[in-house]
Structure formats: C-alpha cells, structure tokens
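**Student:**
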Amino acid sequence: MRPLLAPLEAFAYGPAYAYLNYKIRSSEPLDHTTIWEELTRDLPPVADWVRTSWPIRPLRSFLLGAKMKQDHVLGIAAHYDVSNDFYELFLDKKYMFYTCADFHQPDETIEQAQQHKADHILGLIDPKPGQKILELGCGWGPMLRRIEEHTGDKENLYGLTLSKEQVAYNDQHNGFHVEFDDFITRQYEPESYDTIYSIGAWEHVRPKEIAPLCKKLYAALKPGGKLVQHFFCRVPDPLFATAICSQLYFPGSIGSPYRSHIKAFEGAGFRITHRSIHDYRPTLRAWFDRLVENRERALELVDVQTYNRQLTFFPVSWRYFDDGLGMLVRWVLQKE
Ligand SMILES: C[S@@+](CC[C@H](N)C(=O)[O-])C[C@H]1O[C@@H](n2cnc3c(N)ncnc32)[C@H](O)[C@@H]1O
Numbered sequence: 020m021r022p023l024l025a026p027l028e029a030f031a032y033g034p035a036y037a038y039l040n041y042k043i044r045s046s047e048p049l050d051h052t053t054i055w056e057e058l059t060r061d062l063p064p065v066a067d068w069v070r071t072s073w074p075i076r077p078l079r080s081f082l083l084g085a086k087m088k089q090d091h092v093l094g095i096a097a098h099y100d101v102s103n104d105f106y107e108l109f110l111d112k113k114y115m116f117y118t119c120a121d122f123h124q125p126d127e128t129i130e131q132a133q134q135h136k137a138d139h140i141l142g143l144i145d146p147k148p149g150q151k152i153l154e155l156g157c158g159w160g161p162m163l164r165r166i167e168e169h170t171g172d173k174e175n176l177y178g179l180t181l182s183k184e185q186v187a188y189n190d191q192h193n194g195f196h197v198e199f200d201d202f203i204t205r206q207y208e209p210e211s212y213d214t215i216y217s218i219g220a221w222e223h224v225r226p227k228e229i230a231p232l233c234k235k236l237y238a239a240l241k242p243g244g245k246l247v248q249h250f251f252c253r254v255p256d257p258l259f260a261t262a263i264c265s266q267l268y269f270p271g272s273i274g275s276p277y278r279s280h281i282k283a284f285e286g287a288g289f290r291i292t293h294r295s296i297h298d299y300r301p302t303l304r305a306w307f308d309r310l311v312e313n314r315e316r317a318l319e320l321v322d323v324q325t326y327n328r329q330l331t332f333f334p335v336s337w338r339y340f341d342d343g344l345g346m347l348v349r350w351v352l353q354k355e
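Last residue of the sequence shown: number 355 in the working numbering, and the count goes up by one each step with no gaps.
#1: Can you tell me the Cβ-Cβ gap for N193 and G160, rounded? I've got them flagged as a contact below 8 Å.
#2: For ligand 1, I want to know if G156 counts as a neighbour, meaning its beta carbon is within less than 7 Å of at least one of the ligand's heavy atoms.
#3: Taking C-alpha atoms, which residue in D200, A287, S336 and T261 lies nearest to L357?
#4: Enumerate in chain order the residues of its own chain whose CB-to-CB distance from W73 is below 7 Å, with the five nearest sequence positions on each side excluded.
#5: Going along the chain, which residues of its own chain have a beta-carbon closer than 6 Å to the beta-carbon of A29, five neighbours each way excluded?
#6: Hey, out of Y207, V254 and T292, whose CA is closest to K8's CA?
#7: How close, in whole Å, do the beta carbons of W350 and I296 come, if the pair is a contact with beta carbons under 8 Å?
#8: Does the distance from the C-beta atom of L258 to that of I54 stay below 8 Å?
#9: For the structure I just gave you, are there three or more beta carbon pairs, one from the stretch 128-135 and one from the stretch 303-314, closer than 8 Å?
#10: Does the beta carbon of L352 sit closer than 8 Å to a beta carbon anywhere in chain C?
#11: Starting from Y212 and walking both ways along the beta strand (DSSP E), at which residues does that stretch end?
#12: Where does K245 fall in DSSP's three states?
#13: For the putative contact between V323 and S46, defined by C-beta atoms under 8 Å, what is the C-beta separation to the nearest angstrom?
#14: At a cut-off of 7 Å, is P125 close to ligand 1 when judged by its beta-carbon and the heavy atoms of the ligand?
#15: Below 8 Å on the Cβ atoms is my contact criterion, and I expect P301 with T59 to pass it. Report the Cβ-Cβ distance as a whole number of Å.
#16: What distance in whole Å lies between the Cβ atoms of Y237 and A287, which are believed to be in contact at a cut-off of 8 Å?
#17: Is F289 near ligand 1, judged by its Cβ being under 7 Å from some heavy atom?
#18: Do R79 and A262 have their C-beta atoms within less than 8 Å of each other?
#19: How about P161: is its Cβ closer than 7 Å to a heavy atom in ligand 1?
#20: Does the Cβ of Q356 have 16 or more other Cβ atoms within 10 Å, making it buried, or fewer, making it exposed?
#21: Considering only residues of the same chain and omitting the five flanking positions on each side of R338, which have a CB-CB separation below 7 Å?
#22: I'd like to know if the stretch 137-149 and the stretch 157-172 are in contact, where contact means that at least 3 CB-CB pairs between them fall below 8 Å.
#23: Less than 7 Å separating the Cβ of L181 from some heavy atom of ligand 1?
#24: In whole angstroms, what separates the C-alpha of C264 from that of C252?
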C-alpha cells in the first residue's frame, strides 16, 4: 500500500509531500541522522525544480482550499492531543514552551534559550499585578507561568486552547483560568482585557479569518491596551509548491503572508510599536536532538507513525526557515 500511495500523492500534492508521507508511514522508526540530512540538504537543480514547481500554481490554492475545509478543532487535536508526556521529552524542562526560543549563544541549552525568550516577551507585555491578561493558544501555560512569576498575580491570567490534553495539564499543574475554546470564533466582552497576547498560535488562523479577528481583539482590549504577538508568517506572497506539506503536521491550518498581517493589524486600528525578527532554526535542531536522545521512551508513549511525523517535522520546518519561506516576528500592537 505504502509504495502505491507515494506516486499517487506525488502526482496530486507534489513530490515533497509524497516523500514525507512515505517516510512518516514507515513501520520502523526513522533513522535520525539520515532523515535530517535528507530533508535539509540541497538537491541537484532538476530535482529541486520539480520539488518547488509541482503542484503547479493554479492547483495549489485549489488543493489547499480543500484542505482548509477540514475541521480546525480536529486539526489542532491531531497535533497536540498526542500525549503530554511525549512533549515533555523534548520541550524545555522548566516551562514547556512549544515555540521558538532565543539562543544568545550557539551552545546554550533549550532551557536557557526559552528563558531568554520568556524574558523578552515579558518585557514586551510588561504586565502589572491586577491587569487582566489573556493568552490566545496558551499551550501548556509556559508564558502564563512566567507572567505569574513576575507579578505574583494568578487570578487575572486567562488562556484559551483547543487541546483537551493541555487543559487537563493546566488544571493539574498550573491552575490558571484556561478554557477549551476557539479564540477565532469566540465572542469577547468589549474593553475587557489590558493585554492580549499569543505565542505561536496565530499561524493557525486562516487567511480569511485574520482581519475580522484583529477587529474583534481590538474591541476586546481596554483603551490603551495592547496585543502582543509572536508568530511566523509566509515571506513569499503567492503560495509556494511545498506549502501543502504543512497539512501533514497541522491539518486545516496555513500561514499567511507578512504584508497581509500588517494590513489586518493596521486596518483594525492598531499602531505597531515593536517588530523584531527571530531565528527558529536553533530551536528546531534542539528539539530534534532531545527527541532523538529520548527515542526509546518516546516509542513507549506514541506509535511509530507519530514518532516519525514529529521527527520529520523538525528538519522540514528548519528547511522552511533556511529557505527564507517563513519569518518569525514578534510584534507589539497598541490600541490608542
Ligand atoms: C505552538 S502551540 C504554542 C503554545 C504556547 N503559546 C507556547 O508558547 O508554548 C499553539 C497553541 O495554540 C492553540 N490554538 C491554535 N489554534 C487555536 C484556536 N483557534 N483557538 C484556541 N487555541 C488555539 C493550540 O491548542 C496550542 O495550544
């Protein structure tokens, strides 16, 4: 079955998608050295031309459009509701951030790098005790924990996630006000938050949803409030051929172009007061190495396909940033 599916998928979704899915479907855990090398190396020009040209442009939006009809909630659950213990194997031990860290030195640990990131975002949020703060897509609650460390105020911290496992983790370990709810479709009380922020969740907002969501969040902030964002956006405006590969990891989500985010932020009335660019690649390599170090335990916790999917996710994403197709940006957006 596996060898039969590969040529069909190559025809429909392109060789990069078919190759990845072929590897993920392997009944054996993938060899980490080979897979990193295969997915990050430069290909000969003809092979690279095929990889970056098929599906042809008119087909890309059509195929992705069909994939975007998938249920968003199910797509998120497919990625996150795997096993909290599995994620604990490769994320930083202190906070469990599943988002790009800041490596100040190449030999830093993922723990040190996530601490730098948490401190940087803390500076951007600049929280004060008593302020009502909401995180969109709060994961296992790492940034809420950093804010609480700083302000000592847990009562005013809120989070939303579409992962039931993450809600259970929060209830067991953190005790913030974390709800299972879709931050895109949610109705927000007007002028109810001092700060709203998101770290690595805006990537899940589909292109058509961005502008209306920005307006909704603007209305949900108190006058003088701010929206702090950390997410990666697409650098080329038109869809590139390998964009469809994202569906293997996040079914139903697709990143939007950089300039469309700016248009949506400013169109909602926000003033951009901070914008910085960060490098995702060292974090992806650090997670990959940690997962490999914990391979035996990982394979006790999840099936081989889940392990293979996660293992390929890191080099594929590394390649995406190395090719300059995506860019990680932090923003502060001020409501006047
Ligand atoms: C990459 S994780 C980041 C988690 C956390 N912010 C961190 O820094 O580790 C993305 C998070 O966004 C959440 N998410 C994505 N789309 C969502 C939506 N529409 N509504 C609520 N949560 C969403 C996922 O459930 C997950 O918790």
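Note that CB positions come from ideal geometry on N, CA and C, so glycine has one too.
**Tutor:** In terms of the structure at hand:
#1: Contact annotation, N193 with G160: C-beta distance approximately 4 Å; criterion of less than 8 Å satisfied.
#2: yes
#3: With the chain covering only 20 through 355, there is no way to say anything about residue 357.
#4: G33, P34 and A260
#5: A37
#6: Outside the modelled stretch of the chain, which goes from 20 to 355, sits residue 8, for which no answer is possible.
#7: Not a contact, Cβ separation roughly 11 Å.
#8: No.
#9: Three or more Cβ pairs drawn from the stretch 128-135 and the stretch 303-314 lie within less than 8 Å of each other, which places the two stretches in contact.
#10: Absent here is chain C; the protein component of the structure consists of one chain.
#11: Y212 to I218
#12: strand
#13: 6 Å
#14: no
#15: Contact doesn't hold; Cβ gap of about 14 Å is too wide.
#16: 4 Å
#17: no
#18: yes
#19: Because some heavy atom of ligand 1 lies under 7 Å away, the Cβ of P161 counts as near it: yes.
#20: Coverage of the chain is limited to positions 20 through 355, which leaves residue 356 absent and any answer about it impossible.
#21: Excluding positions up to five away in sequence, the list reads L58 and T59.
#22: yes
#23: Checking the Cβ of L181 against ligand 1 gives yes.
#24: 16 Å
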